[in-house]
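In what follows, a single structure is set out as structure tokens and then discussed.
There are 2 protein chains.
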Amino acid sequence: MANAVTIKDIARRVGKSVTTVSRALHGYSDVAPETRELVQRVAREMGYTPNVMAQRLQKQRAETLGLILPTFGPRFSDPFFSEFVAGVGNQAAERGYDLLLSTRAPGEEEMVAYRKAALGRRVDGFIIIRTRANDERIRFLQQIGFPFVAFGRTADADGFPYVDEDGVEGMRQIAHHLADLGHRRIGYLSPPLDLMFAQHRLEGLRRGLAERGLALDETYLRIGALTEQSGYALARELLALPSPPTALACGNDLMAIGAMRAAQEQGLKIGSDIAISGFDDIPLAQHTFPPLTTVHQPIYQIGKRVASMLINLVEGMPLAERQVLLKPEFVVRQSTLP
Amino acid sequence: MANAVTIKDIARRVGKSVTTVSRALHGYSDVAPETRELVQRVAREMGYTPNVMAQRLQKQRAETLGLILPTFGPRFSDPFFSEFVAGVGNQAAERGYDLLLSTRAPGEEEMVAYRKAALGRRVDGFIIIRTRANDERIRFLQQIGFPFVAFGRTADADGFPYVDEDGVEGMRQIAHHLADLGHRRIGYLSPPLDLMFAQHRLEGLRRGLAERGLALDETYLRIGALTEQSGYALARELLALPSPPTALACGNDLMAIGAMRAAQEQGLKIGSDIAISGFDDIPLAQHTFPPLTTVHQPIYQIGKRVASMLINLVEGMPLAERQVLLKPEFVVRQSTLP
DNA sequence: ATGCGCTTCCAAATCGTTTTGGAAAAGGCG
DNA sequence: CGCCTTTTCCAAAACGATTTGGAAGCGCAT
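One line per chain: the protein sequences are A and B, in this order. Using my numbering, you'd call the opening residue of the first sequence number 8 and step up by one each time. Using my numbering, you'd call the opening residue of the second sequence number 8 and step up by one each time.
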């Protein structure tokens, strides 16, 4: 690795001070046009690239956004995350920011990671995802006054900036859909209820059913992890009941995929024998057999939007909207149709 | 955001020089035990956290690994990547490194991203994934002598450090498996052949079939993207042939999932009417219906390993093995069994 | 008293930028 | 010529840490 060209090298080469070189490179008006061009030419010739650490130290900004994915266990592979990360990353890049990524299971170590990154000024702000009803991460960042934008809300309607999709509304539509198809025994596989979106979706289901004069039968309610594995196991339980549900709503697409397998293993024809729905509309949802009825979340766009808001926040620009609640888009596919 | 505590503040508080404080905090032997303890106590009390940018500037190290995911289009969601990223990220964290993540479509902009991150010393080294037969990224990094470790190889067996799984061997086993089941009309959906692993897998298939006295019928060979979408479209083409294949090997699991849907839409029973295999063994492969026969890649472990090698490289430690070729593990599930 | 070796400390340089607060030179004008 | 502006430049400070190269103080042997 050849030794890097610094601004000092350029200064020596063109016979000017480092100040002048720096200002020339940034197009300040107090440097003569010829000097500016000379400096810029020489800089290009010498292959100068600014040392980012030095710039950051001086500017007192990390030009970096932090994103810590809450994951459990190594075999983590939520398609949801990759798309969100892509959105955040691209938006960040567009505005000259880096993306610092970690994965950490919720808990002690997770908080250490936040503390270190925030207090060591490794990042200028955080993006929080998978908000919890009572979210320690958010509490910490609020307490030290560190910038962040959340994808999701918390239980106490605090004033922090967020983007979220209206999960109540989304699941309400699924409830209507299933009820209108004539289903009366409707099961629900819920993600853990400390996750805020899980509460919203459950509430949406309840409300939607109530609006059709139905109530959620608690024997058909199961709570598990956000994985195919868990969806599979819980669906098997429900299908083994003496009078099993005829429709199965799932808290996310991954659980729905697991549920589909469970149903297919029992020889059920999905759509006609049993209706199954998901939530999120991951790319895969179009490619299950049959394709999955679900609620779309424009997750890539949300990633971009959250990143953009955070950068505005960090740079002290005004936020057009501090709190964004997106209308969900219900997508009917064959998995709920006879 | 309260103003940060610096080493200077501590120095003033304990009435010592910054040198002493710095050395006390790092446990140097030339500071009196009482001083050391005093300094450390005060540092804790004042909530001191070192400013990472300053440390990095001084140490001339970014303590950061770079990973640029090559992706096409926004709707990117390869479960493969998320797991790899988790492996890299966790290993990096364990050894005190950050992970700088971007996504960029192969091409001009991608190279700009590499150039900027490398020459601006934003990162200490790169992890290269999805190696191309003729890989510009690798050529560039070799040329400037910048540390990197690849997941995958290139066409010219250059001496750079890598970890890879033996795709030839993996696909050979699939070929044997399908041939031994009696299949004679075997189709193959290949990823683009500029991807090195696609070449290996195709070669493996050819070799495996040859070892059973068979040849790959070129009319059954289709090349497309690494997505369900593409697998679906190509499988439909093959199934529409006058005498369609009875087995379909796919270059990765995502393509296989698309192919499964195409087959199921035609009313074929997967396993008995048509055999379908994938490659990678993403978590989802266990949860398709029927579960997918595939070749396992310990992708999380590979991520950890690659990161670990890169850190060793960056820190000038010796590499136990510079080039690692893993034996693949063939996983038979129901998608190829009658 | 002198010299030597420890222990403990620190001023100053360094990393590579940006910014501050002038200063010198050049040109215009009475 | 003397004065005022404008243009063009730069020395030095700053960002927050680490490292280098001593120096001071002390006890002990000579």
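Think of the CB as a built atom: it goes at the ideal place given N, C-alpha and C, for glycine as much as any other residue.
- For THR27 of chain B, no chain A residue has a C-beta closer than 7 Å to its own C-beta; the minimum C-beta separation is roughly 22 Å.
- Note that the C-beta distance between GLU244 of chain B and ARG268 of chain B is not below 8 Å.
- Within chain B, no C-beta atom comes less than 7 Å from the C-beta of TYR35 of chain A; the nearest is roughly 21 Å away.
- GLY265 of chain A has a beta carbon lying within less than 8 Å of a beta carbon in chain B.
- Under the 8 Å criterion on CB atoms, GLN273 of chain B is classed as non-interfacial with respect to chain A.
- Look at ALA61 of chain B here: in three-state DSSP terms it is helix.
- Legend: CB atoms of the region 55 to 73 of chain B lying less than 7 Å from CB atoms of chain A belong to residues THR56, PRO57, ASN58, VAL59, MET60, ALA61, ARG63, LEU64 and ALA69.
- One finds nothing in chain A with a Cβ atom closer than 8 Å to the Cβ of PHE155 of chain B; even the nearest lies about 12 Å away.
- Runs of the alpha helix (DSSP H) lying entirely within the region 156 to 191 of chain A, each at least 4 residues long, are 174 to 187 in chain order.
- Per DSSP, the beta-bridge partners of ILE135 of chain A are A:ALA157.
- For ARG213 of chain A, same chain residues with a beta-carbon under 6 Å away, outside a window of 5 residues either side, are LEU223 in chain order.
- Contacts between HIS294 of chain A and chain B, judged by CB atoms closer than 7 Å, involve GLU235, TYR239, ILE264, GLY265 and ARG268 in chain order.
- Here MET53 of chain A has VAL12, ASP16, ILE17 and ARG20 as same chain residues with Cβ atoms under 8 Å from its own Cβ, once five neighbours each way along the sequence are excluded.
- Within the model, the alpha-carbon separation for ASP85 of chain B versus GLY94 of chain B is close to 15 Å.
- For GLY310 of chain A, the enclosing alpha helix (DSSP H) begins and ends at 306 to 321.
- Within the region 205 to 239 of chain B, those residues whose Cβ lies closer than 9 Å to any Cβ of chain A are, in chain order, THR234, GLU235, GLN236, GLY238 and TYR239.
- Using a Cβ-Cβ distance cut-off of 8 Å, the region 317 to 326 of chain B and the region 147 to 156 of chain B are in contact, since at least three pairs of beta carbons, one from each stretch, lie closer than that value.
- Not a single C-beta of chain B is nearer than 8 Å to the C-beta of SER24 of chain A.
- The straight-line gap separating the alpha-carbon atoms of GLN304 of chain A and ASP260 of chain B is approximately 24 Å.
- The three-state reading of DSSP puts PHE204 of chain A in helix, counting H, G and I together.
- In the DSSP secondary-structure assignment, HIS303 of chain A is bridged to A:ASP287 and A:GLU336.
- Interface criterion not met: the Cβ of THR138 of chain B is under 8 Å from no Cβ in chain A.
- Selection A:TYR239, A:GLN271, A:VAL46 and A:GLN330 evaluated against PHE296 of chain B yields A:GLN271 as nearest (Cα-Cα).
- The Cβ atoms of VAL302 of chain A and PRO335 of chain A lie closer than 8 Å to each other.
- The alpha-carbon of LEU291 of chain B is positioned some 35 Å away from that of VAL119 of chain B.
- Note on HIS190 of chain A: 16 or more other CB atoms within 10 angstroms of its CB, so buried under the neighbour-count rule.
- No Cβ-Cβ contact shorter than 8 Å links SER315 of chain A with GLN47 of chain A.
- In chain A, no part has a C-beta under 8 Å from the C-beta of GLU336 of chain B; the shortest such distance is about 15 Å.
- Shown here for PHE79 of chain A: same chain residues with a beta carbon closer than 7 Å to its own, the five before and five after excluded, namely ALA112 in chain order.
- Neighbours of ARG129 of chain B across chain A, judged by C-beta separation under 9 Å: VAL59, MET60 and ASP105.
- TYR195 of chain B: member of the beta strand (DSSP E) spanning 193 to 197, first to last residue.
- With a cut-off of 8 Å on Cβ pairs, the region 161 to 173 of chain A is not in contact with the region 194 to 202 of chain A, counting fewer than three such pairs.
- Secondary structure of ARG229 of chain A (DSSP, three-state): strand.
- Put simply, the CB of PHE88 of chain A is near chain B, with a gap under 8 Å to one of its CB atoms.
- Excluding the 5 residues flanking it on each side, VAL331 of chain A has same chain C-beta neighbours closer than 6 Å at VAL170, in chain order.
- Positions of the alpha helix (DSSP H) runs, each at least 4 residues long and wholly inside the region 100 to 134 of chain A, are given as 115 to 126 in order along the chain.
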